[in-house]
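Visitor:
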Amino acid sequence: MKVLVVEDEPGLASVISRGLTDAGMDVSIAPDGITGLQMATNYQFDLLILDIMLPGMNGVQICREVRKKDNAIPIVMLTALSSTENIITGLDSGADDYIAKPFKLAELEARIRTLMRRSRNNTVPKDVITVADLEVDLVSKTAKRGDKQINLTATEYRLLEYLVKNPNKVLSRIQILENVWDIDFNMGTNVVDVYVNYLRKKLDNNYATRLIQTVFGMGYMFKTDGE
Numbered sequence: 256m257k258v259l260v261v262e263d264e265p266g267l268a269s270v271i272s273r274g275l276t277d278a279g280m281d282v283s284i285a286p287d288g289i290t291g292l293q294m295a296t297n298y299q300f301d302l303l304i305l306d307i308m309l310p311g312m313n314g315v316q317i318c319r320e321v322r323k324k325d326n327a328i329p330i331v332m333l334t335a336l337s338s339t340e341n342i343i344t345g346l347d348s349g350a351d352d353y354i355a356k357p358f359k360l361a362e363l364e365a366r367i368r369t370l371m372r373r374s375r376n377n378t379v380p381k382d383v384i385t386v387a388d389l390e391v392d393l394v395s396k397t398a399k400r401g402d403k404q405i406n407l408t409a410t411e412y413r414l415l416e417y418l419v420k421n422p423n424k425v426l427s428r429i430q431i432l433e434n435v436w437d438i439d440f441n442m443g444t445n446v447v448d449v450y451v452n453y454l455r456k457k458l459d460n461n462y463a464t465r466l467i468q469t470v471f472g473m474g475y476m477f478k479t480d481g482e
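Read in order, the letters of the sequence shown are residues 256 to 482 in my numbering.
1) Would I384 and V419 be called neighbours here (beta carbons separated by less than 8 Å)?
2) Are the Cβ atoms of L305 and V261 separated by less than 8 Å?
3) P380 to L393, Cα distance in whole Å?
4) For R322, report the span of its alpha helix (DSSP H) as first-last.
5) Let me confirm a value: T410 is counted as buried when at least 16 other C-beta atoms fall within 10 Å, else exposed. Which label applies?
6) Less than 8 Å between the CB atoms is what I'm expecting for S283 and L259, so what's the real figure, rounded?
7) Leaving out five residues before and five after V435 in sequence, what residues of the same chain have Cβ atoms less than 7 Å from its Cβ?
8) Quick one: is T378 buried, meaning 16 or more other Cβ sit within 10 Å of its Cβ, or exposed?
9) Would DSSP call L303 helix, strand or coil?
10) Under 8 Å, do T344 and V315 count as touching if we go by C-beta distance?
11) Measure the C-alpha to C-alpha separation of I289 and D263 and round it to an integer number of angstroms.
12) If you draw a straight line from the alpha carbon of R273 to that of E364, how long is it in whole angstroms?
13) Would you mind working out which of M332, M256, D287 sits nearest V312, comparing C-alpha positions?
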């Protein structure tokens, strides 16, 4: 498996490279954002590891540019910025996972294995889920209510797909984190609530039938009969 690590701290880059190489991966290093983007777009990699704070071009910018051409490659963000806002910015740019510094190499390796497992098992379903006047196309990964197309970010779509595949069930925040992002942030952030709010504004505002409901003290439920 070929991995590109875009990291400007030589010591950390070296530690990551040695650890992943020992785990059987073929690792390339880019010391700045511009070089990282050039390598990511000109060569074939199976996974990208991007530091957010980089000279030349930051990791969020790299991620956005990569996603314009490749929506499938797994991307992990590395950063010392662990606030909810920074987590959301990284994930909204198209990252699949987020790991805060400092971290143990074993944790990074575990995250990589999880992402690669999800990538390998990501068979494209050939159907459309319809709930009330909502249609979610699992092939094109789009959604609409009635005749109105709903513009979703990649993370918002993954959240919606998980909800519609688990209708009328109470889903805890931990369940949503584990199934939408394949990770457990467990950092005291409210990232799930923020994304549910984003989705509600696009999905439920101005509609009589509200599909996403809060179950106080427990989590959220996607109700097929609305309110």
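Even glycine gets a Cβ: it sits at the ideal position worked out from N, Cα and C.
All figures in this text were calculated on a predicted structure; none of them were measured in a lab.
Guide: Put simply:
1) yes
2) yes
3) Reliability fails at P380, whose pLDDT of 49 lies under 50, so the model's placement of it is uncertain and the value that follows must be treated cautiously. Straight-line Cα distance between these residues: approximately 6 Å.
4) Run containing R322: 314 to 324, per the alpha helix (DSSP H) assignment.
5) buried
6) The beta carbons of S283 and L259 sit about 5 Å from each other, so the pair counts as a contact at 8 Å.
7) For V435, the CB contacts under 7 Å within the same chain, skipping 5 residues up- and downstream, are R413, L414, Y417 in chain order.
8) Because T378 sits at a pLDDT of 49, beneath the cut-off of 50, its placement in the model cannot be relied upon, and the point is left open.
9) strand
10) yes
11) 11 Å
12) 12 Å
13) Before going further, note that residue 312 is Met rather than Val in the sequence given. The shortest Cα separation from M312 among M332, M256, D287 belongs to D287.
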